[in-house]
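All the letters of the sequence shown, read from the start, carry residue numbers 359 to 600 under this note's numbering. We put the CB at the ideal spot given by N, CA and C, even for glycine. Keep in mind the model is a prediction, meaning the values are calculated, not measured. Working notes, structure below.
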Amino acid sequence: AHKHLWKIDEKDFIDLKPEAEFDLIVVGGGLSGLSAAYLSSADRVLVLEQAPNFGGNAKSQTWGDLRYSIGSAYITELSLTDPIHKFYLSLGLDKHWKKIGEDDEIYFHPKGAFRKLHSINDTQLQKLPEVMKKYTGSLFPELPYAGNAKLTRSIFESLDDFSLLDILKKEFKANLSPDLIAYLQTYARASFASRAEDLSGYAMLNFLSPEFETSIYCYPGGNSFMARTMEDKLKERKYSLK
């Protein structure tokens, strides 16, 4: 889309006529864009997505009769009073998710990787949850930062200026163990499609925090199931999706 945009000259717009009128146009058909359209009360809505399929980072593929996630794969357990939980209920997603507890086997998921690595006698790896809570002061550190009373602005900035690898090296006063590095790199690739050293330490802490103390909920094919559900709901309303 950007390649076309940069080639456009102003004069190209002079004779353009509108093809249709809408009350709301949502640019981007990922989970955020689909949610915005779903929560809208507008009558005429258009959702535009440049990729072949809706869902953004929530993608899936099929192999035989198996549907598997290749993007965002799960959600963490939420309070029943949480507005996001109510949003999920309105979509009927609670009828399809599966709660994964501590005793369940988890494949292709960071928590599963952590459990496997946690059985290794690695002191640094075992201390990771404790260190994270020490720095953030609470589970689920806010992102973006919004003035959490347990986390001062200066602490937030100190965590945001360095990678989690740098922070942990300072914490342990030593080089990081191969198992700990392997876990953090795997997590960074799976969650951010990036290297751990290229990410804000605070962003990594925000993502990692719920991994250790909450259950997770999985859908068939990961979070792409959410995208397909919202896409179907929008089509039922006769919204335009292109």
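Asked, Found
"Cβ-Cβ separation, residue 530 to residue 482 (assumed contact under 8 angstroms), whole Å", "6 angstroms"
"Unbroken stretches of the beta strand (DSSP E), 3 residues or longer, contained in the segment 383-416", "403-406"
"Under 8 angstroms between C-beta atoms of residue 554 and residue 546", "yes"
"Inter-residue CB distance, residue 455 and residue 597 (contact presumed, cutoff 8 angstroms)", "The pair is not a contact, with the Cβ atoms about 25 angstroms apart (cut-off 8 angstroms)."
"Range of the contiguous alpha helix (DSSP H) that encloses residue 517", "511-518"
"Pair within 8 angstroms by beta-carbon distance, residue 590 and residue 535", "no"
"Contacts around residue 542, its chain only, beta-carbon distance under 6 angstroms, and the 5 residues preceding and following it disregarded", "554"
"The alpha helix (DSSP H) enclosing residue 525, as first and last residue numbers", "522-530"
"Cα-Cα separation between residue 413 and residue 396, rounded to whole angstroms", "13 angstroms"
"Euclidean distance between Cα positions of residue 376 and residue 410", "24 angstroms"
"First and last residue of the uninterrupted alpha helix (DSSP H) at residue 586", "582-594"
"Beta-carbon spacing of residue 552, residue 427 below 8 angstroms", "no"
"Nearest-angstrom Cβ-Cβ length linking residue 431 and residue 584, presumed shorter than 8 angstroms", "Incorrect: roughly 11 angstroms between the Cβ atoms, too far for contact."
"Endpoints, the beta strand (DSSP E) within which residue 574 is located", "574-576"
"Rounded distance between the beta-carbons of residue 402 and residue 379, thought under 8 angstroms", "7 angstroms"
"Candidates 592, 564, 560, 424, of which the one nearest residue 519 by Cα", "560"
"Buried versus exposed call for residue 595 [16 or more other C-beta atoms within 10 Å across all chains shown]", "exposed"
"Proximal residues to residue 572 (C-beta, below 6 angstroms), its chain only, five neighbours per side dropped", "434, 435"
"Alpha-carbon to alpha-carbon, residue 440 and residue 365", "45 angstroms"
"Proximity below 8 angstroms, CB of residue 398 to CB of residue 382", "yes"
"Option nearest residue 421 by Cα separation, candidates 579, 600, 587, 592", "579"
"Environment of residue 511 [buried if 16+ CB atoms lie within 10 Å]", "exposed"
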